[in-house]
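The structure under discussion appears below in the form of structure tokens.
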């Protein structure tokens, strides 16, 4: 059922009751932000003269490529500037009255941050975070806390047992849902959501979007949605603003944005998005991957690993978290007898709902955790038996990229030092050879060689993730484990980097384990897709048919079928012309 052409898309009687006045008044009420400007320490312009308007019962999407300034806009609005950046301009008007930007956070605007793992205090349980948030927004009204907390957890589909967990005991998707739950707990009139569904599986994403849409319609919430996922924009947004190089380059209603984008940046975003919904095709070589040493898809440098046939396999892997004492009484089982092998040149996609055990399996396969039961073998040898040079070779040959780049690097280091770490310790490089390899790796992931001198704290989430990918490729691995490694990047970069990895895999028989919640990417880049549910592998789909016309064997398990059914549509047509009132 679509909204009438003359009414705002989120017109709802409950919204009027909550916010007061008529639906038509929302055009005069709201939060207007103007002249937002951010510079770095050297005076370089990062955000320039940005204006945004949020209204009760409306969703305003802010989209653009990685590093375009979207997250910095949120930081400037919330007075949460990262080190090395400073807000040099910006005014705010709330319902027509001037207000200080510094006074918005904690009173009028709640926030969902991009990297959830780095947003939580690692020493506190989720219960402590809930109490802290409630007291900050609602004072000492403890009587209503229990019911409000239960409602917020139910909205984001988290069990009450998570309240006793700390951040390191939860998956990225669980932490993302927890942060959304805390924002809803605030009951703020406006929410700034910076990539709120990046780490969520398709089923959880759809339900969280339902929760946000209900809050918009029934409570009159005004939402600024910062995202690179245009399927989320199509599902939820009313208006769209496109950023490029720190400026707004286009504004449009959501239907107009998808049907007739005006700016070249907008057209590129929409075309790339729609390409994911075209029939499966084999990936092409990345345009910037050609030509390291004159060979398409070649690693920079000349490090050669001697193993003729690398393979990574986990057999009967089980894992538990929590519990007390040497018996770990009360421990929570997260993996149950899981077996998975990745062969040379193979690309295996691992999909499943948030919290089903995908990231735990990745950490076990990378040797970052010891399984409660089971064995991990590399090239036929148990990794626990490897010593000396053999263990060093295994560490170089098996590399991982994780879903939260902010917690995967030392924020005190510069980009060049981060990428150089494996080159020094695993490859023995130094001096000019080291610097040349670092520059080549940064170029490979679409960064500039001069970015080597930039502190990690000054990078956007997408830029930092590219640094992590460069670091993982530095030792020329034979097995690469990608745990939501491209989910924080805009779509063009996702496809470019995954095309690059595909070219490298073909040239060097590199095995890949692609952990993703996006079945569209899984079908584009994998040779088989493995589905997990509740800590177990429950289904598998294999690529069949010709390379240029691939087909897939069907899923059979209900959990895998549910993920498939929850994929968002390409555009907003199913919702009707929601931008008629924009």
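Numbering (this note's numbering), first residue to last: -3 to 578. From the three backbone atoms N, C-alpha and C, an ideal C-beta is built for every residue, glycine too.
Relative to the C-alpha of residue i, which candidate in the options has its C-alpha closest?
{"i": "residue 63", "options": "360, 239 and 415", "result": "239"}
{"i": "residue 180", "options": "396, 205 and 199", "result": "205"}
{"i": "residue 438", "options": "427, 469 and 453", "result": "469"}
{"i": "residue 195", "options": "401, 498, 529 and 534", "result": "401"}
{"i": "residue 377", "options": "368, 369 and 387", "result": "387"}
{"i": "residue 415", "options": "342, 446, 270 and 467", "result": "467"}
{"i": "residue 340", "options": "531, 91, 504 and 50", "result": "504"}
{"i": "residue 49", "options": "252, 59, 110 and 30", "result": "30"}
{"i": "residue 474", "options": "498, 42, 394 and 67", "result": "394"}
{"i": "residue 126", "options": "177, 531 and 535", "result": "177"}
{"i": "residue 349", "options": "105, 84, 173 and 65", "result": "173"}
{"i": "residue 451", "options": "413, 430 and 98", "result": "413"}
{"i": "residue 68", "options": "92, 310, 429 and 190", "result": "190"}
{"i": "residue 354", "options": "315, 256, 243 and 96", "result": "315"}
{"i": "residue 478", "options": "496, 484 and 512", "result": "512"}
{"i": "residue 495", "options": "520, 483, 476 and 472", "result": "520"}
{"i": "residue 43", "options": "556, 337 and 244", "result": "244"}
{"i": "residue 164", "options": "116, 419 and 132", "result": "116"}
{"i": "residue 419", "options": "391, 408 and 441", "result": "391"}
{"i": "residue 406", "options": "342, 490, 359 and 455", "result": "455"}
Check the DSSP bridge columns for residue i and list the partner residues they point to.
{"i": "residue 48", "result": "29"}
{"i": "residue 537", "result": "525"}
{"i": "residue 60", "result": "239"}
{"i": "residue 244", "result": "239"}
{"i": "residue 548", "result": "539"}
{"i": "residue 410", "result": "451"}
{"i": "residue 35", "result": "41 and 82"}
{"i": "residue 479", "result": "511"}
{"i": "residue 311", "result": "371"}
{"i": "residue 249", "result": "235"}
{"i": "residue 488", "result": "DSSP, once it has assigned bridges, lists no residue as partnering residue 488."}
Mind reading off the beta-carbon distance from residue i to residue j? Whole number of angstroms is fine, and I expect it under 8 Å.
{"i": "residue 198", "j": "residue 559", "result": "5 Å"}
{"i": "residue 328", "j": "residue 318", "result": "5 Å"}
{"i": "residue 216", "j": "residue 186", "result": "Going by Cβ atoms, the distance from residue 216 to residue 186 rounds to 10 Å, so no, they are not a contact pair."}
{"i": "residue 554", "j": "residue 537", "result": "Actually they are not in contact, since the Cβ atoms of residue 554 and residue 537 sit about 14 Å apart, beyond 8 Å."}
{"i": "residue 493", "j": "residue 465", "result": "6 Å"}
{"i": "residue 417", "j": "residue 443", "result": "Between residue 443 and residue 417 the Cβ distance is about 16 Å, and since that is not below 8 Å, they are no contact."}
{"i": "residue 357", "j": "residue 382", "result": "Actually they do not touch by this definition, with Cβ atoms about 20 Å apart."}
{"i": "residue 175", "j": "residue 154", "result": "About 11 Å; that fails the 8 Å criterion."}
{"i": "residue 487", "j": "residue 224", "result": "6 Å"}
{"i": "residue 265", "j": "residue 526", "result": "At roughly 31 Å, the Cβ-Cβ gap does not stay under 8 Å, so residue 265 and residue 526 are not in contact."}
{"i": "residue 471", "j": "residue 422", "result": "5 Å"}
{"i": "residue 592", "j": "residue 168", "result": "Residue 592 lies beyond the stretch modelled for the chain, which goes from -3 to 578, so this question has no answer here."}
On the criterion of 16 or more Cβ atoms from any shown chain inside 10 Å, does residue i qualify as buried, or is it exposed?
{"i": "residue 287", "result": "The predicted model places residue 287 with a pLDDT of 31, which falls under 50 and marks its position as unreliable, so this point remains unresolved."}
{"i": "residue 77", "result": "exposed"}
{"i": "residue 529", "result": "buried"}
{"i": "residue 540", "result": "exposed"}
{"i": "residue 273", "result": "exposed"}
{"i": "residue 567", "result": "buried"}
{"i": "residue 119", "result": "exposed"}
{"i": "residue 462", "result": "buried"}
{"i": "residue 565", "result": "exposed"}
{"i": "residue 40", "result": "exposed"}
{"i": "residue 160", "result": "exposed"}
{"i": "residue 94", "result": "exposed"}
{"i": "residue 283", "result": "With a pLDDT of 33 at residue 283, under the threshold of 50, the modelled position of this residue cannot be trusted; read the value that follows with caution. With fewer than 16 other Cβ atoms within 10 Å, it is exposed."}
{"i": "residue 665", "result": "Nothing about residue 665 can be reported from this structure: the residues present for the chain run from -3 to 578 only."}
{"i": "residue 518", "result": "buried"}
{"i": "residue 267", "result": "exposed"}
{"i": "residue 426", "result": "exposed"}
{"i": "residue 56", "result": "buried"}
{"i": "residue 51", "result": "buried"}
{"i": "residue 235", "result": "buried"}
{"i": "residue 561", "result": "exposed"}
{"i": "residue 446", "result": "exposed"}
{"i": "residue 304", "result": "With a pLDDT of only 36 at residue 304, under the threshold of 50, the placement of this residue in the model should not be trusted, and no figure is reported."}
{"i": "residue 92", "result": "exposed"}
{"i": "residue 23", "result": "For residue 23, the pLDDT reaches just 46, beneath the cut-off of 50, and the residue's location in the model is therefore unreliable, leaving the point undetermined."}
{"i": "residue 384", "result": "exposed"}
{"i": "residue 227", "result": "buried"}
Indicate whether at least one CB of chain C lies closer than 8 Å to the CB of residue i.
{"i": "residue 429", "result": "This model lacks chain C altogether, as it is built from one protein chain only."}
Are there any heavy atoms of the ligand FMN lying less than 7 Å away from the beta-carbon of residue i, as far as the coordinates show?
{"i": "residue 516", "result": "As for the ligand FMN, it is missing from this structure, which has no ligand bound."}
What are the uninterrupted segments assigned as beta strand (DSSP E) that are 3 or more residues long and contained completely in the segment 77 to 134, given in chain order?
At a cut-off of 3 residues, the continuous stretches assigned as beta strand (DSSP E) that sit fully inside the segment 77 to 134 are 81 to 90, 93 to 95 and 105 to 108.
Return the chain-ordered ranges of every alpha helix (DSSP H) run that is complete within the segment 149 to 197 and spans a minimum of 4 residues.
As for any alpha helix (DSSP H) of minimum length 4 sitting wholly inside the segment 149 to 197, the runs are 168 to 182, ordered along the chain.
Beta strand (DSSP E) segments (min. 3 residues) lying fully within the segment 416 to 457
Runs found: none.
Counting only runs of 4+ residues fully inside the segment 338 to 384, write out the alpha helix (DSSP H) ranges in chain order.
Counting only runs of 4+ residues, the alpha helix (DSSP H) found wholly inside the segment 338 to 384 occupies 354 to 361, in chain order.
Every unbroken alpha helix (DSSP H) within the segment 209 to 239, with a cutoff of 4 residues, ordered by chain
Here the runs fully enclosed are 226 to 232.
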